[in-house]
Amino acid sequence: MASLDQIFVTLKEQLVQLFPAVLQPYVGVLLSIVAIMAVFPGIFALTTVVERKLLARFQNRPGPNRVGIPLTKIRLAGFGQFAADGIKSLTKEDIIPRNADRKVHFIAPFVLVVPAFLALSVLPIGRNMTALDFPETGLLFFFAIGAATELSVFMAGWSSRNKYSLLGAMRGIAQMLSYEIPLILSSLTVVMMVGSLSLVTIVERQTSVQWGFFHSWHVFTPWGFAGFLLFLTAACAEANRTPFDLPEAESELVAGYFTEYSGFKFALFFLGEYLGMFAISGVAISLFLGGWSAPFTFLDWVPSWLWFFGKLFAFILFFIWLRGTLPRLRVDQLMNLAWKFMLPMCLLNLLVVGVWHFTAEWNELLRWSLATVLLAGPYWLFSRSFEARFKPRTYRYAADSPAAPVVAPVAPQVPI
Amino acid sequence: MTPLAAYLLVSALLFAIGFAGALTRRNSILVLVGVELMLNAANLNFLAFWRYGPNPEALTGVMFVLFAIAVAAAEAAVGLALIIAIYRHYCSSNVEDVATMKG
Amino acid sequence: MKGIINSLWLIPALPLLAAGIIALMKRPQRKPAAALAIGSMALAFLVSCVAFVATLQPEAGKGAVQLTHNFAWFDLGGSALRLGWLLDPLTAGMLVMVTFVGSLIFIFSVGYMDHDENLTRFFGFLALFAAAMLGLLIANNLLFLFMCWELVGVASYLLIGFWFHKPSAAAAAKKAFITTRIGDLGFFLGIVWLYHETGTLLFYDNGAGCLEQGALTKLVTQTTVGGMAVSTAISLLLFCGAVGKSGQLPLHVWLPDAMEGPTPVSALIHAATMVAAGVFLVARVFPLMGAATADLGLEGHSPHTTALTVVTWVGACTAVFAALIAVAQNDIKRILAFSTVSQLGYMMLGLGVGGPAVGMFHLLTHAFFKALLFLGAGSVIHGSHHEQDIRRMGGLRKLMPITFAAYAVGMMALAGFPLVFSGFWSKDEVLHAAMIWSPSKLPFLLGLFGAVLTAFYMTRQMWFVFFAPRAESASSPGRAAHSASHHEPQGASSSPHESPRVMTLPLVILAVATVLLSLFATPVWPWFHAYLGGQLDHLQVGWSADSAAGLTMLLSVLAVALGVSASWRLYSRGKAGTDAVERLFPRLFRALQGRLYVDEFYAATVFRLNAAVAVLSDWADRFVWSSVVELAAWLAKGLAWLSRTLDESGINSGFDAGCVETRGAGGFASRLQNGQTQRYLRILGAGVVVLVVAIVWMGNN
Amino acid sequence: MNFIFAILAGLTVGAAFAAMTLRNLVHCALCLTVSLIGLALLYLQLGAEFAGFVQVLVYVGAVAILILFAVLLTRGGEAPVGRITNSLGAGLLVAAAVFGVLAWAIIGSSALKALPKETPQPALLVKAVGDKLMGEFVLPLQGIALLLTAALLGAVVIAMREKSSPAGVAVDSRSATRNP
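Chains as they are written, first to last, in the working numbering: chain C, 1 to 416; chain B, 1001 to 1103; chain A, 2001 to 2701; chain P, 3001 to 3180.
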């Protein structure tokens, strides 16, 4: 079984051996990058169809089910759709608005896609399977690269010379900046506990066996659970997924910052968005869900990369499910949630991690209940104060606003 | 030329470019950009000296750069806030327009 | 159990904390505020019970339990100002009474003040009041006692003037505050003198306190003006405070006016807290008051010192005086107020002739039944829509049965119905002690007469409120106006109704307590005496009183019977709407109704004197002092003119020359500051170039 | 001379030059971003991985975005017409003098020549940085925390929209200062 687990690693080594020694390191990196650039767009293609079909089922309609293999009767339940979509977007006319800033307009999609691939390449997708291993700063690299997304959104929105694009870009940047803070803070909990910024180390730390039959994933601790939920919420917002899809709210802003994109560049934006979602899901998996490790020790025989991709698919399905279920937030609700709920909870979670670290000698039950109380009490308080904010709002101009009060002319008071 | 001298030259060039920008551009945001470039040039100096200096294990260069980045972030935030406030006040972001306090 | 002394401070601290928290609450937070106040009082009651239990086990041969806990508050030069807590039977009994009655009054207030929008503030003040009183009780330091004493005064000011939008309430609050301040002046002088003489204000401090043997001996042997012993003089000064606080004869005028406050406040002031403070003070400093010199060492029940004699006479006179006035009052609460003044007179009388046990027992029983009566009156007022005139009530026996029953118990206790009512036993003790008081029999006779009057006016009140045929409310103009102001429809809803359970429950509890208390100080089982005296282990059941006791009981029963029967006959046969006594003695009645014109007397004498002194000072200020001031002002003006002339002609020209030069230099420098940031920056850059060149040159050389 | 260093240095300096010379402010800001990324790569080249990634995170993720927002908030999105520089000759002269003096000092420095030409890559452990931050440099760290808080509050207060329009007041004060 170990051979199946390491099959890609050995394959790469043997391929590298075919080249002269001087070129070997470069070839190794190249192979890894090629693999990444092949696998994740493939998952992207699959996801588009799955999402369309699943959303259709949620809405009680069949969804794409026609396109199969051309010139045959095989329909593959519509799973040939992605190829058709891809060909369509590649062959469509590339429209650039006349007033647009052409250079920036052209660069923007690449600024989105390239960092997304880079971010994907630091993920440990299996045992010994990390394309770009930064032994010191993997997680930091991920977040640093993530900053490029905002830049790309700005470039796309600004260069289009379109109000909707600019508004969408502004919304998007504000949202990403706001949710980057809870995202980083909630992942800091793991960094604090593990003492390393390397994703590989973090995953390996979670493979230790607890109570004989399951791996000690971070999500199975109070702080880990809270951190996971916070991370997941922030990740939804970072990936612009429902219920945080305000930047591209089609009912308000047409399509947000990529309104003015078409054809291949639009496809690149689409790809970039999904790759970003995969990357952030992968980080969530690595930080909290044990990365490539199996949940139970008796399932260890399943290859590690299969576990990773299985979890990734679970995440994708979860995101699709959310999109089919939840309504969109309002802008003020979005910001309130980030700054007034998630940020305090993240800071509190950092505190709890500290407590957890220093109470390692304690009785497990006591430690658990202390951490749980520390998290659940404020959670209850914060969420209570939040209920009021989600109630319907009366708008200033919708409320009765009588005409300006008529001021009666006051007769001058003449002293008699 | 040693690598250190090369880094220092790049740093000096960067500093000079930033300085020239800060000296000549009319828009105050670009003056701030020039200042940022100068700060970063200084950071490159610190790191170059840390890398090629006598005792890199002391990490002083790296620490200084980290602190400098934090301070620069604060400086940028306050500076831009000032520029926006000035823009609201004078409806201009040109440096030579803001001379109310001149002698 | 003895360790309770270290946490005795909890008892006042709890209501104080509650008051502090309530002060921070918002107005709509009514329920939390009430719950907090009541809860803190209930907790204080529990701690008090623990303290009480601790005092029940005296160590053999040492007398009463006396626990103290002293500590230095702050250092003052070489000496430290020390405060402390004191726990002895006196304190413990008062603590239990105050917290118990206080809790009940708090609970009652929930119902009574239900319609008031400032309930939160009310409970804050109540808690502050209770805290101050409890602090006063546990004080082992006269200064601390005085501070709490003044706090009680402030709280009473706030509470009496609670409905400050009524001018009468605001005036009453001011009156209460100022009148008691007059007494407090004497009190404070006494404190200062005592500190001057003994160097300590601690009551008990292991032999070094001001109420202990060493200090007392010193005080008694020294004499001051007129050959009076210093102890007597200080005692009288301290008694001034008690007179003010407890509404004794010259300074009783504030107490009836204090009825302007809400009824629970009246109950609290009259039963548990404020007026009891004066009596408590006398009982507390009783060793000082009773400290006798050798030449005054007469035989008797207690040492007949000058101070105690004064106390006795003041008490006896107050008892009769107030009872007389009470006969002719028509306001239900005002009758009770004068009754309180009268009963306080009894307490003082008891203290003077019989010592702390006699006076304090009457204080305790009175606290219960007067709280009961006031709360009952509150219930009646609440039930009959804030009607306070007894002539407009009547027939409430059927409409408010629970209130009636409880009120009857209180009335009988106050009037001194024999055997099962605590008031009988405590009053009997006072009378008994007065009877065997050797200097004079007149206080006893006055007391007896007071007892007749007490029975008389209480019966009158009962008859008017509960028995008299119901007056037609619609015919009364005042009543109609009252109803109109409340927008109430005339008819069914305006008829009196029984109060809610939150108000009747405290009444029932207090009634039961009133009856039960009578068990504790009968001549058969004088438990309370033994408790205060620390002789619980010698307590025996059996007839322990002398022959005078029997006689006293008989006389007091007769007095009660006389009062009740006379009153009942007069009033039950009289016509409705008029007063029988008024018909018989119209002039006397009017004088009594006018409260014997004491207020008017004060207005004619004290106020005029005050005004005259004010005019005199004004004149002196205007003509004597102002001329001195103006002379000084002229001198200063002349000096100023001289220096100005010197300044302008001499010094200034030199400065001017300097200033011109400086200005020129500044003008030159200011041209450099053209406001162009980039120009500054260029100069800076040039400076950097010069600097670097200089550094490199120096480094190379 | 390293080939990669040359590319990175060229990228950085070129982007910086563009940032200081372009007409459109947004282009300037984007070029600044490129220059800062180039600097971060130079840091990586120097072995300061942590500092490099922090540089990207802070400058690209925050400062660049901040500058872009400021550009848009001050209506700088359109390329300005007319003069974009101010006393160009004097400024360039001073800047060139500064560069000349610095380069002269660097090249002529004997102390630099005394340093070894090649040193082994120092092992920079993030853990060591963390230990230093929490140990030796804990006071500056606290100071930075305080500074950032103060800057946050200050930025909010300064940039907060004033209630009343102060434009009239400003004009008044300016005209008032014209009088000697």
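Backbone N, C-alpha and C define an ideal beta-carbon position, used for all residues, glycine too.
Residue interval of the alpha helix (DSSP H) (run including residue i)
i                  : result
Trp2009 of chain A : Trp2009 of chain A -> no alpha helix (DSSP H), and no H or E assigned at all.
Trp2149 of chain A : Leu2142 to Ile2160
Ala2173 of chain A : Pro2167 to Thr2198
Thr1002 of chain B : Unbroken run through Thr1002 of chain B: none, as it is neither H nor E.
Trp292 of chain C  : Segment: none, Trp292 of chain C is in no alpha helix (DSSP H) and carries neither H nor E.
Ser160 of chain C  : From DSSP, Ser160 of chain C is part of no alpha helix (DSSP H); its letter is neither H nor E.
Glu238 of chain C  : Pro222 to Glu238
Leu2364 of chain A : Pro2356 to Gly2383
For residue j and residue i, the rounded distance between their alpha carbons
i                  : j                  : result
Ile2182 of chain A : Leu2251 of chain A : 8 Å
Leu132 of chain C  : Lys12 of chain C   : 14 Å
Lys2333 of chain A : Gln2388 of chain A : 7 Å
Ala3176 of chain P : Asp1097 of chain B : Unreliable positioning characterises Ala3176 of chain P in this predicted model, as indicated by a pLDDT of 39, which lies under 50. The coordinate reading is nonetheless provided below. Distance between the alpha carbons of Ala3176 of chain P and Asp1097 of chain B is about 16 Å.
Val2047 of chain A : Phe2164 of chain A : 35 Å
Ala2611 of chain A : Asp2184 of chain A : 22 Å
Ser2653 of chain A : Val2660 of chain A : 11 Å
Gly2241 of chain A : Thr2179 of chain A : 10 Å
Leu1008 of chain B : Ala376 of chain C  : 54 Å
Trp2313 of chain A : Leu2349 of chain A : 7 Å
Phe315 of chain C  : Cys346 of chain C  : 22 Å
Leu183 of chain C  : Ala1058 of chain B : 32 Å
CB of residue i within 7 Å of CB of residue j, strictly
i                  : j                  : result
Ala2034 of chain A : Ala2131 of chain A : no
Thr297 of chain C  : Val209 of chain C  : yes
Gly224 of chain C  : His218 of chain C  : yes
Ile320 of chain C  : Leu46 of chain C   : no
Ser2499 of chain A : His2382 of chain A : yes
Phe134 of chain C  : Ala119 of chain C  : no
Gly2450 of chain A : Val2320 of chain A : yes
Ile1029 of chain B : Ala3070 of chain P : yes
Leu2211 of chain A : Leu2375 of chain A : no
Tyr2157 of chain A : Pro2264 of chain A : no
Val2692 of chain A : Val3156 of chain P : no
Ile2022 of chain A : Leu2036 of chain A : yes
Leu2396 of chain A : Pro2496 of chain A : yes
Gly291 of chain C  : Ile285 of chain C  : yes
Leu3042 of chain P : Leu3008 of chain P : yes
Cβ separation of residue i and residue j, assumed to be a contact under 8 Å, to the nearest whole Å
i                  : j                  : result
Ala2357 of chain A : Gly2209 of chain A : With 8 Å as the limit, Ala2357 of chain A and Gly2209 of chain A do not qualify as a contact, their Cβ atoms being about 21 Å apart.
Arg1025 of chain B : Met3020 of chain P : 7 Å
Thr3033 of chain P : Leu151 of chain C  : 6 Å
Phe2074 of chain A : Leu2081 of chain A : 6 Å
Phe1015 of chain B : Ala1041 of chain B : 4 Å
Val2341 of chain A : Leu2372 of chain A : Contact flag wrong, Cβ pair sits at about 18 Å.
Run of the beta strand (DSSP E) containing residue i, from where it starts to where it stops
i                  : result
Arg2391 of chain A : Premise fails: Arg2391 of chain A is in no beta strand (DSSP E) and is neither H nor E.
DSSP beta-bridge partners of residue i
i                  : result
His215 of chain C  : C:Val209
Thr48 of chain C   : Bridge partners of Thr48 of chain C: none, in fact.
Trp2085 of chain A : A:His2069 and A:Ala2139
Gly126 of chain C  : C:Met129
Thr2223 of chain A : A:Ala2229
Arg1025 of chain B : P:Thr3085
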